[in-house]
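Engineer: Structure below; questions to follow.
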Amino acid sequence: MTQQNNALPAGPLVAWYADDFTGAAAVMEVLTFAGLEAMLFLEPPSDAQLARYPDLKGIGVASTARAQSPEWMDGELPDIFARLAALNPALLHYKVCSTLDSSPSVGSIGRAIEIAAAQFAPAAVPVLVAAPQMRRYQSFGHLFAGFEKAVYRLDRHPVMSRHPVTPMSESDVAKHIALQSDKLDAWCLSIEDMSQGATLPSRQPTPDRIAAITLDSVDAKTESSAGRLIWDARDANPFVVGSQGVEYALVRHWRETGAIADRPAPGGIGEAEGMVVVSGSVSPTTADQIDWAKDNGFESIAFDATFSCGTAMDLDHEVDRCIAACLDALSQGRDPLVHTAEGPDDPAVAAFRQTVTQSPLSMVEANQRIGEALGRILQQSLARSGIRRAVVSGGDTSGHATRQLGIFALSALAPTIPGAALFRAHADGPMDGLELALKGGQMGSHDYFGWIRSGGGTR
203 MTQQNNALPA
213 GPLVAWYADD
223 FTGAAAVMEV
233 LTFAGLEAML
243 FLEPPSDAQL
253 ARYPDLKGIG
263 VASTARAQSP
273 EWMDGELPDI
283 FARLAALNPA
293 LLHYKVCSTL
303 DSSPSVGSIG
313 RAIEIAAAQF
323 APAAVPVLVA
333 APQMRRYQSF
343 GHLFAGFEKA
353 VYRLDRHPVM
363 SRHPVTPMSE
373 SDVAKHIALQ
383 SDKLDAWCLS
393 IEDMSQGATL
403 PSRQPTPDRI
413 AAITLDSVDA
423 KTESSAGRLI
433 WDARDANPFV
443 VGSQGVEYAL
453 VRHWRETGAI
463 ADRPAPGGIG
473 EAEGMVVVSG
483 SVSPTTADQI
493 DWAKDNGFES
503 IAFDATFSCG
513 TAMDLDHEVD
523 RCIAACLDAL
533 SQGRDPLVHT
543 AEGPDDPAVA
553 AFRQTVTQSP
563 LSMVEANQRI
573 GEALGRILQQ
583 SLARSGIRRA
593 VVSGGDTSGH
603 ATRQLGIFAL
613 SALAPTIPGA
623 ALFRAHADGP
633 MDGLELALKG
643 GQMGSHDYFG
653 WIRSGGGTR
């Protein structure tokens, strides 16, 4: 069925920059399991690194932008956008969380759009946050997300409405983003608009303003429509914002047009001989996963996050204590699970917040120290034990912790739930070949840690 005019162009199809690590890896997962070679780099790749992987159709860079200020973005994003654009991808994707984590002061999607618009002068910026495979739906502009057996509007979601840094109080995606920039004109192309043949602008609708257009997506048909809109308008609109729903939509469109073939679901990679988990998430979902793990061969080790606000020596002592506890658990045939809290109602959360308010640190700085400390615990526990499989839980935690491992890139190995696959680490040091999973706090089945321990694979 493949026709010449449906053939995909040579070179990278998508270059993406993600505002957190777990989301960055999710994009790679979608592309790889669709048969498109993709790799996620922890820093912008060098020419020498890219030369080792000449057939990449997707090239990503992970960041911690979701936890950063607009001023940080002003200093960081222009250069990274320029470097990714120099790879000549068909699309440049600013990847955001599928639950829209952001605010005017932290992880501002609006500021990211401003910076990109100044560099690339798109006619409009398509915004696709929905990903039906992940139970993320946008209908008439409003975002909905699944949790356990129900689906909630985002501002009523039991997890996202209580997010510790960016609680969601607005479900209208266009309104939420418009609050983050006074330069945006944001609106929605709804399911109804798409059914009537609406298209994305080919020229700037309003001089001196930035058009940001959110796309509804609730099922396979509307997802394909969104993918078609983005792909067909890529010359005038080369910069797109959204979750991995962007790649899901593109892949569905490419399959339906015969540009790529369907592929069977990948299998797992087998049981691990030991595994180490670190978690900085306070999500109820992660709390359920920790509860399951404690009853299934994992050793629960609490990390006292208040030490992140103390002296470097005190924090070092807490890190060393946790490393010793990890090595002891492994010696007894149990898999260590180091965590800062067991859900939002854990007294450790209130204690940490109170300590931060009494310290000179901001919440962002304290969370970065926690993530880096968990990364040190993970790195030392792996290096001293020889264990070759690990999990980092928490989107922001993953960014800070993974940087402690000396890894320069990740590639996909085996799926679990969409957005939380098992990866292979690429490094010039001892962590090369490490099997690593990065999980957002609100993601995963109750037995997720066990699923990774057994090697992943579709169920």
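Every number in my numbering is 202 more than the matching position in the sequence shown, counting from 1. Glycine included, every Cβ here is placed at the ideal spot set by N, Cα and C.
Which one of Phe342, Leu532, Asp493, Ala323 has the shortest CA to CA distance from alanine 332?
Structural biologist: Nearest C-alpha to alanine 332: Phe342.
Engineer: Spatial neighbours of proline 407 within its chain, please: CB distance less than 6 Å, with the 5 preceding and 5 following residues excluded, ordered by chain position.
Structural biologist: Once the five neighbours on either side are set aside, the close Cβ partners of proline 407 are Ala413.
Engineer: Using 8 Å as the cut-off, can you tell me whether the segment 365-385 makes contact with the segment 453-464, which would need three or more C-beta pairs spanning the two stretches below that distance?
Structural biologist: Counting Cβ pairs under 8 Å, fewer than three are found: no touch.
Engineer: Could you round the C-beta distance between threonine 487 and glycine 309 to whole angstroms and report it? I think they count as a contact, below 8 Å.
Structural biologist: At roughly 20 Å, the Cβ-Cβ gap does not stay under 8 Å, so threonine 487 and glycine 309 are not in contact.
Engineer: Mind reading off the beta-carbon distance from glycine 444 to alanine 616? Whole number of angstroms is fine, and I expect it under 8 Å.
Structural biologist: Between alanine 616 and glycine 444 the Cβ distance is about 25 Å, and since that is not below 8 Å, they are no contact.
Engineer: Out of Gly601, Ser561, Val566, which has the shortest C-alpha to C-alpha gap to arginine 578?
Structural biologist: Nearest option by C-alpha distance: Gly601.
Engineer: Can you look up glycine 643 in the DSSP assignment and give me helix, strand or coil?
Structural biologist: Glycine 643: coil per DSSP, three-state reduction.
Engineer: Quickly, what does DSSP pair isoleucine 315 with across the bridge? List them, please.
Structural biologist: Answer by DSSP bridge pairing: none, since isoleucine 315 is not bridged.
Engineer: Exposed or buried, which one is alanine 323 when buried takes at least 16 other CB atoms within 10 Å?
Structural biologist: Per the 10 Å Cβ criterion, exposed.
Engineer: Tell me leucine 612's beta-bridge partners as DSSP assigns them.
Structural biologist: Partner(s): Leu242, Ala627.
Engineer: Taking valine 239 as the reference, which of Arg254, Arg586, Asp249, Met396 has the closest Cα?
Structural biologist: At residue 239 the sequence reads glutamate, which differs from the valine that was named. When each option's Cα is compared against that of glutamate 239, the closest is Arg254.
Engineer: Taking the alpha-carbon positions, what's the glutamate 567 to tyrosine 219 distance?
Structural biologist: Their backbone Cα atoms lie some 22 Å apart in a straight line.
Engineer: According to DSSP, simplified to helix, strand and coil, what is arginine 355?
Structural biologist: Three-state DSSP puts arginine 355 in a strand.
Engineer: Are valine 420 and glutamine 340 closer than 9 Å when you measure CB to CB?
Structural biologist: In this structure, glutamine 340 lies closer than 9 Å to valine 420 by Cβ.
Engineer: With a threshold of 8 Å, are at least 3 pairs of Cβ atoms found where one atom belongs to the segment 591-601 and the other to the segment 628-648?
Structural biologist: Yes: the two stretches touch, three or more of their Cβ pairs being nearer than 8 Å.
Engineer: I need the straight-line Cα distance from alanine 552 to glycine 260, nearest angstrom please.
Structural biologist: Using only the alpha carbons, I get a separation of about 41 Å.
Engineer: Quick check on aspartate 222: buried or exposed, where buried means 16 or more other Cβ atoms within 10 Å of its Cβ?
Structural biologist: It counts as buried.
Engineer: From valine 594 to glutamate 501, what distance separates their C-alpha atoms?
Structural biologist: Cα-Cα distance, rounded: 15 Å.
Engineer: Go ahead and pull the three-state DSSP assignment for cysteine 390.
Structural biologist: Here cysteine 390 sits in strand by DSSP.
Engineer: Which same chain residues, not among the five before or five after arginine 285, have their C-beta less than 6 Å away from its C-beta?
Structural biologist: Excluding sequence neighbours, arginine 285 sits near Pro246.
Engineer: Under a Cβ-count criterion, where at least 16 other Cβ atoms within 10 Å of its own Cβ denotes burial, should threonine 706 be classed as buried or exposed?
Structural biologist: Any property of residue 706 remains undetermined from this structure, which presents the chain solely from 203 to 661.
Engineer: Roughly how many whole angstroms lie between the Cα atoms of alanine 629 and glycine 635?
Structural biologist: So the two alpha carbons sit approximately 8 Å from each other.
Engineer: What does the alpha-carbon distance come out to for the pair threonine 204 and threonine 459?
Structural biologist: Residue placement at threonine 204 is flagged as unreliable, the pLDDT there being 34, under the threshold of 50; the coordinate-derived value follows with that caveat. Computed Cα separation, rounded: 7 Å.
Engineer: For my contact list, serine 583 and isoleucine 525 are in at a C-beta cut-off of 8 Å; report their separation, rounded to the angstrom.
Structural biologist: Yes, they are in contact, since the Cβ atoms of serine 583 and isoleucine 525 sit about 6 Å apart, within 8 Å.
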